[in-house]
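A.B. asks: Handing you this structure, nothing more for now.
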Amino acid sequence: MSKVLDKLVSQRILHHYHWNNLLNPLQHGFRTSKSCETAEFELREVVLERVRRNQGVCMISLDVAGAFDNVRWVSILYQLGEAACPLNIFRLVRSYLRNRSVCYETQVTRVVHEVNRGCPQGSCSGPLFWNIVADSLLSLPFPCNTYVQAYADDLVLVVWGHNESQIAERARAAMSLIEEQVFFLLKPGRDRSIISSYRPICLLPTLGKLIERLFINQFNSFIIRHNLIHQFQFGFRELSNCEVAVKSLISKIRASREGNHVALVSIDIKAAFDSLDWEVLFQLFKKYDFPFNIQNFIFSYLKDRQVSYVNALDFITVEVCQGCPQGSVLAPHIWNFYFNEILYLSNDHSYLQAYADDLALLVVADSRKKLETEVYSFLDDLSDNLKVLNLKVASEKTPVVVFRGTQNKNKQKKGALGSVGLSWVKAHAGIPGNELADQFAKSAITEGNFLDIPAPYSFLKKYIKNIILSDWQQHWGESDTGVRVREYVPFVDFNLLTHNRYLLFFISGHGPFPAYLFRFKILNSPNCICGGLGDPDHFVFDYPHTKDFHLTCPSGIFKPDWFSSVLKNVGSLRRLQEICVISNRICNELKSLN
1 MSKVLDKLVS QRILHHYHWN NLLNPLQHGF RTSKSCETAE FELREVVLER VRRNQGVCMI
61 SLDVAGAFDN VRWVSILYQL GEAACPLNIF RLVRSYLRNR SVCYETQVTR VVHEVNRGCP
121 QGSCSGPLFW NIVADSLLSL PFPCNTYVQA YADDLVLVVW GHNESQIAER ARAAMSLIEE
181 QVFFLLKPGR DRSIISSYRP ICLLPTLGKL IERLFINQFN SFIIRHNLIH QFQFGFRELS
241 NCEVAVKSLI SKIRASREGN HVALVSIDIK AAFDSLDWEV LFQLFKKYDF PFNIQNFIFS
301 YLKDRQVSYV NALDFITVEV CQGCPQGSVL APHIWNFYFN EILYLSNDHS YLQAYADDLA
361 LLVVADSRKK LETEVYSFLD DLSDNLKVLN LKVASEKTPV VVFRGTQNKN KQKKGALGSV
421 GLSWVKAHAG IPGNELADQF AKSAITEGNF LDIPAPYSFL KKYIKNIILS DWQQHWGESD
481 TGVRVREYVP FVDFNLLTHN RYLLFFISGH GPFPAYLFRF KILNSPNCIC GGLGDPDHFV
541 FDYPHTKDFH LTCPSGIFKP DWFSSVLKNV GSLRRLQEIC VISNRICNEL KSLN
């Protein structure tokens with residue numbers, strides 16, 4: 001039944017596109033009266049015609065990686081809306097794409113993942129959905145002297161001219177007409193009704209990515225030649241990553257702490273990539289004498305951008321006039337240049353480093369009061385400089401950590417001599433601390449609230465203890481974690497205490513077991529070398545190589561009694577130790593095979 005419905009919906013959409021003349025003739029795949037032969041013939045005619053005119057021809061063959069698996073459903077719905085598809089058909093397609101999952105099943109495991117993109121391969125509508133999205137690229141008004149053709153997900157770009165430089169220039173010019181599609185992703189835990197809760201992501205055609213990568217080489221060559229990226233920018237750079245940034249920060253803190261206090265301020269820029277000002281960007285290009293070809297390319301790269309919001313009933317499009325195109329290849333490099341001057345605010349007492357749009361500020365001072373003054377002063381200067389770039393600090397995401405100063409051992413010994421002492425003082429002698437203590441003692445007697453408890457202290461102590469135990473038990477029973485441990489220890493107890501690591505390995509499952517190490521990508525499979533699931537129960541009760549140390553497998557209701565028995569039995573604990581040694585050896589063997 002679903003195949004019949006799929007076929008009917010596909011025919012209805014195809015009829016709508018055909019009736020409104022929306023099918024692009026440059027697409028030769030999955031089309032009636034079109035084939036590989038017709039594509040080859042038209043391409044050959046275009047090339048031969050240019051050759052007859054003594055023009056040079058450049059042909060670029062493009063293959064879209066994972067094309068059918070990577071088509072965004074929001075792009076399909078957007079194109080249907082742009083084509084004024086009937087609302088009933090639109091809703092059918094939306095429900096057809098919703099709640100899909102992919103399942104991988106073996107004898108020992110079954111994995112299910114939700115799917116939120118891709119054309120359903122093997123269906124009647126899958127090829128149609130791909131063509132609908134691909135036509136949006138083919139329908140772009142490419143300049144004269146260029147020709148684009150598609151056969152399903154394989155694209156061909158042909159550019160011609162009288163010389164090599166002319167062909168290269170026209171190929172770059174084609175980039176200015178490649179329009180990106182931007183869709184919204186809701187940030188986790190954010191209010192759907194607030195605009196800032198969404199993250200706009202660009203959907204860039206493959207041709208655009210290719211041209212961007214070619215341009216990046218030219219852009220970065222100028223940047224490196226004129227040293228326009230600060231050494232303490234660790235984001236989006238070769239031979240640099242988050243780990244290098246953290247190590248640099250830690251070494252700086254350790255070097256600065258001797259005899260000084262150090263404040264670490266983690267600074268978050270509010271909507272950083274979305275707030276990049278294009279006018280300020282081009283002022284910076286002029287300031288550093290960027291070549292006109294680079295400026296013109298980025299100008300055409302940024303102009304005529306739109307952001308689109310798609311739902312069941314609305315298709316809203318707004319012009320974009322600021323921000324880095326997130327999801328594109330070139331945007332991170334533009335951001336690093338735009339943000340670069342901020343890092344030059346460092347001075348003798350302040351150190352600033354960046355990882356993309358995140359800043360870490362270290363301020364050093366010999367006293368706490370001076371440290372506060374230095375921090376506030378630097379943050380004021382930073383805010384003023386960010387205003388020039390039309391950026392703001394997200395104060396709610398800017399925590400501060402203070403590291404107390406350290407001294408070497410000799411200084412500590414000298415400073416400690418005579419610094420701490422204990423002595424008696426005379427009463428009512430006007431000593432401030434003593435007088436204040438007397439005042440609080442009298443206040444407690446005369447003004448304190450009377451607590452009437454008609455029960456002895458021992459009863460109150462026991463009563464409070466029972467309340468604590470009850471709350472603890474409720475929290476233990478309702479917790480999302482510790483499910484396996486609760487099978488063996490269903491009730492909390494003040495007296496239960498064990499330091500045996502091997503017993504803890506078994507009841508928690510957190511130990512040298514393939515199933516546990518697989519969760520953290522340490523092993524490629526959760527299975528034991530024998531093929532069974534490598535969890536604690538497998539090694540303690542079933543695994544042939546540990547049969548000399550096997551324990552009796554308890555049923556569900558007897559697991560707490562089994563745990564109590566093993567806890568008191570030295571021989572059982574020794575068996576668990578031997579089993580864990582064997583399982584650890586097996587895990588090491590599996591690691592070597594990864």
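Heads up, the sequence shown is in the UniProt record's numbering, so the first residue is 1 and it goes up one at a time. Here a beta-carbon is modelled for each residue, glycine too, at the ideal position from N, C-alpha and C.
Taking the Cβ atom as the reference point for each residue, do K209 and V329 lie within a distance shorter than 7 Å?
C.D. replies: In the sequence shown, the residue the question calls residue 209 occupies position 209. In the sequence shown, the residue the question calls residue 329 occupies position 329. Their beta carbons are under 7 Å apart, which means K209 touches V329 by this criterion.
A.B. asks: Which class does L313 belong to by DSSP, given the choice of helix, strand or coil?
C.D. replies: Mapped onto the sequence shown, residue 313 falls at position 313. Residue confidence for L313 is low, a pLDDT of 49 falling below 50, so the modelled location carries little weight and cannot support an answer.
A.B. asks: If we count the other Cβ atoms within 10 Å of its Cβ and call it buried at 16 or more, is N390 buried or exposed?
C.D. replies: Looking up residue 390 in the sequence shown gives position 390. By the neighbour-count rule (16 or more Cβ atoms within 10 Å), N390 is not buried but exposed.
A.B. asks: Taking all protein chains shown into account, do 16 or more other C-beta atoms lie within 10 angstroms of the C-beta of A394, making it buried, or fewer, making it exposed?
C.D. replies: As a first step, residue 394 is located in the sequence shown; it is residue number 394 there, counting from the start. It counts as exposed.
A.B. asks: Count Cβ pairs between the region 214–222 and the region 280–294 that sit closer than 8 Å; are there 3 or more?
C.D. replies: Taking 8 Å as the limit for Cβ pairs, the verdict is that the region 280–294 does touch the region 214–222.
A.B. asks: For Q283, count neighbouring Cβ atoms within 10 angstroms of its own Cβ and tell me buried if that reaches 16, exposed if not.
C.D. replies: The residue labelled residue 283 in the question sits at position 283 within the sequence shown. By the 10 Å Cβ count, Q283 comes out exposed.
A.B. asks: Using a 10 Å radius around the Cβ and a threshold of 16 neighbouring Cβ atoms, would you call A444 buried or exposed?
C.D. replies: As a first step, residue 444 is located in the sequence shown; it is residue number 444 there, counting from the start. When all chains shown are included, A444 counts as exposed.
A.B. asks: Does H113 come out as helix, strand or coil in the three-state DSSP assignment?
C.D. replies: In the sequence shown, the residue the question calls residue 113 occupies position 113. Three-state DSSP puts H113 in a strand.
A.B. asks: Can you tell me where the alpha helix (DSSP H) holding E372 begins and where it ends?
C.D. replies: Indexing the sequence shown from 1 puts residue 372 at position 372. Element bounds for E372: R368 to V388.
A.B. asks: Which of helix, strand or coil does DSSP assign to I298?
C.D. replies: As a first step, residue 298 is located in the sequence shown; it is residue number 298 there, counting from the start. Helix, per DSSP.
A.B. asks: Which residues in the same chain have their Cβ closer than 7 Å to the Cβ of D135, if we skip the five residues on either side of it in sequence?
C.D. replies: In the sequence shown, the residue the question calls residue 135 occupies position 135. Taken in chain order, the residues that qualify are N24 and Q27.
A.B. asks: Just mark G482 as buried or exposed, buried being the case when its beta carbon has 16 or more other beta carbons within 10 Å.
C.D. replies: Indexing the sequence shown from 1 puts residue 482 at position 482. With fewer than 16 Cβ atoms within 10 Å of its Cβ, G482 is classed as exposed.
A.B. asks: Could you give the C-beta distance for G122 and F68, rounded to a whole number, given that I count them as a contact under 8 Å?
C.D. replies: The residue labelled residue 122 in the question sits at position 122 within the sequence shown. The residue labelled residue 68 in the question sits at position 68 within the sequence shown. No, G122 and F68 are not in contact; Cβ-Cβ is about 10 Å, not under 8 Å.
A.B. asks: What's the call for N54, buried or exposed, on a 16-neighbour Cβ count within 10 Å?
C.D. replies: For the purposes of this step, residue 54 is taken as residue 54 along the sequence shown, with counting starting at 1. Under this definition N54 is an exposed residue.
A.B. asks: How would you write the range of the alpha helix (DSSP H) that H349 sits in, first residue to last?
C.D. replies: Here residue 349 refers to the residue found at position 349 of the sequence shown. Element bounds for H349: n/a, residue is neither H nor E.
A.B. asks: Give the straight-line distance between the Cα atoms of L371 and F563, rounded to the nearest whole angstrom.
C.D. replies: As a working note, residue 371 is residue 371 in the sequence shown. As a working note, residue 563 is residue 563 in the sequence shown. Their backbone Cα atoms lie some 55 Å apart in a straight line.
A.B. asks: Please state whether DSSP places residue 596 in a helix, a strand or coil.
C.D. replies: With the chain represented from 1 up to 594, any question about residue 596 goes unanswered, as that position is not in the structure.
A.B. asks: Excluding the five sequence neighbours on either side, which residues of its own chain have a C-beta within less than 7 Å of the C-beta of Y147, listed in chain order?
C.D. replies: Translated into the one-based positions of the sequence shown, residue 147 becomes position 147. So the qualifying residues of the chain are V46 and V158.
A.B. asks: Tell me, which residues are paired with residue 636 by DSSP?
C.D. replies: Nothing about residue 636 can be read from this structure; the chain reaches only from 1 to 594.
A.B. asks: Which class does R72 belong to by DSSP, given the choice of helix, strand or coil?
C.D. replies: In the sequence shown, counting from the first residue as 1, residue 72 sits at position 72. The answer is strand: DSSP assigns R72 an E or B state.
A.B. asks: I want to know whether the region 544–552 touches the region 469–485 - three or more CB-CB distances under 8 Å.
C.D. replies: Judged by Cβ distances under 8 Å, the region 544–552 makes no contact with the region 469–485, as fewer than three pairs qualify.
A.B. asks: Would F236 and N336 be called neighbours here (beta carbons separated by less than 7 Å)?
C.D. replies: Here residue 236 is taken as the residue at index 236 of the sequence shown, counted from 1. Here residue 336 is taken as the residue at index 336 of the sequence shown, counted from 1. Yes, they are a contact pair.
A.B. asks: Reducing DSSP to helix, strand and coil, say where S592 ends up.
C.D. replies: One-based indexing of the sequence shown puts residue 592 at position 592. Helix, per DSSP.
A.B. asks: Cβ of A271 within 7 Å of Cβ of D357?
C.D. replies: What you label residue 271 is simply residue 271 of the sequence shown in a count that begins at 1. What you label residue 357 is simply residue 357 of the sequence shown in a count that begins at 1. It is not a contact, given that the beta carbons lie outside the stated cut-off.
A.B. asks: Can you say whether F558 is buried or exposed, counting buried as having 16 or more other CB atoms within 10 angstroms of its CB?
C.D. replies: As a position in the sequence shown, residue 558 is number 558, starting the count at 1. Answer is exposed; the Cβ neighbour count stays below 16.
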